[in-house]
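Reviewing the structure listed below.
2 protein chains.
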Amino acid sequence: MGVSSRCAVAVHALTLLARDGGGQLLTSAEIAESLDSNPVVVRRVLGRLRDASLVLSSEGSGGGWRLAHSPQAVTLRDAYCAVEEGPVLSLHAHPPSTSCVVGRNVQGVLEEEFTAAEWAMRERLGRTTIADVLSRVLAGDRQSTPQGP
Amino acid sequence: MGVSSRCAVAVHALTLLARDGGGQLLTSAEIAESLDSNPVVVRRVLGRLRDASLVLSSEGSGGGWRLAHSPQAVTLRDAYCAVEEGPVLSLHAHPPSTSCVVGRNVQGVLEEEFTAAEWAMRERLGRTTIADVLSRVLAGDRQSTPQGP
DNA sequence: ACTAACTGTAACTATGGTTGTTCCAGTTGG
DNA sequence: CCAACTGGAACAACCATAGTTACAGTTAGT
């Protein structure tokens, strides 16, 4: 199946909020415009980031979303864990037969191995911060459209 | 979303075939019985393993499936790559807006990071062989139901 | 040659999660 | 009081998976 695109949306939104030194206050409509998506979809994802204390939301007129921490302090792992629940690698849809040695014990082994594999994936995601992403995003623009003095 | 359970089915089937030193010849019906599932589902997964040269199939009466290599030579990574195509971590459902710096460049950065994270996951899966799984499966049975002399 | 036992594959259903959308209640600032 | 937000429910469209049935093709044994 593959994991949902929520993580990509989350990193995208966090990167937007990280501009200007992290002091940006943006509405879900503004973020949705950059994503070419829907404000409700954005609020769904940002709601999870808020539950994980990665962003803060303020209601009412003039409200919106802003980072809860500095862009250097938030990693892709934080974003991933905030929006994606449950294991990536699935065990059997059905529990296997208990009248077979393999059926009785394979799920325990698989759970250990899959957990270790996912830990490795998250560990790698934890090495990159939103600040890293932002600087590379900006560098990409400088490469393709060099600016004069 | 999470990844399909095909990898769990594949490892289960490979472990069954690895018994008896790897010389087992099993039918899809026998494997399906251990999985408490359907022979067609099993053949779908084992078909991918065969395309990846992990198992061999023989048609006709007396036919079935057997390992193409020794259980020590096949890792969970091999099984995973054989049955699971495409990236685990998805980029945006839509391409983002090109009129925004982040929208223009974030997908490239995400692709690099996600690829690295998935590589880390597969690397970890590559450290465990089917022989490892089999021995742990058998050990699990010895623990819970100790046998006399 | 016939039959039984397999694989290989197409077609179909049911299910569940995600995405996108509309709608409305609640909150806030001017 | 109004305009601009968030919060959240409800719903449709879509897609992959898991499971099932059905059938064609292949092989071994008699």
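Residue numbers (our numbering), protein chains in the order written: chain X, 1 to 149; chain B, 150 to 298.
Quick reminder that beta carbons are idealized off the backbone N, C-alpha and C, glycines included.
This structure is a prediction, so every number in the text was calculated from the model and none was measured.
Bounding residues of the beta strand (DSSP E) (the contiguous stretch that carries residue i)
i	result
Ser177(B)	Where Ser177(B) is concerned, there is no enclosing beta strand (DSSP E), although the alpha helix (DSSP H) it sits in stretches over Ser177 to Leu184.
Leu54(X)	Where Leu54(X) is concerned, there is no enclosing beta strand (DSSP E), given that its DSSP letter is neither H nor E.
Gly213(B)	Gly213 to Leu216
Beta-carbon proximity check, residue i vs residue j, cutoff 8 Å
i	j	result
His12(X)	Pro245(B)	yes
Val102(X)	Arg285(B)	no
Ile31(X)	Val74(X)	no
Arg226(B)	Leu274(B)	yes
Val45(X)	Val9(X)	yes
Leu17(X)	Arg66(X)	yes
Val3(X)	Gly151(B)	yes
Residue i, enclosing alpha helix (DSSP H) - first and last residue
i	result
Val158(B)	Arg155 to Ala167
Gly252(B)	Val250 to Leu274
Leu76(X)	Leu76 to Val83
Supposed close pair residue i, residue j - CB separation, criterion 8 Å
i	j	result
Ala154(B)	Leu54(X)	What sits at residue 154(B) in the sequence shown is Ser, not Ala. 31 Å between Cβ atoms; not a contact.
Ala201(B)	Ala231(B)	4 Å
Gly22(X)	Pro71(X)	5 Å
Leu163(B)	Ala228(B)	6 Å
Proximal residues to residue i (C-beta, below 7 Å), its chain only, five neighbours per side dropped
i	result
Ala178(B)	Pro188
Arg104(X)	Thr98
Phe263(B)	Pro236 and Leu238
Sequence-distant residues of the same chain with beta carbon closer than 6 Å to residue i, five excluded per side
i	result
Gly297(B)	Note on Gly297(B): pLDDT 47, under 50, position unreliable in the model; the coordinate value appears next. Nothing meets the Cβ criterion.
Arg271(B)	Arg226
Arg197(B)	Ala231 and Val232
Spatial neighbours of residue i in its chain, beta-carbon cut-off 8 Å, leaving aside the 5 residues before and after
i	result
Arg19(X)	Leu134
Glu267(B)	Pro236, Val237 and Leu238
Val255(B)	Pro245
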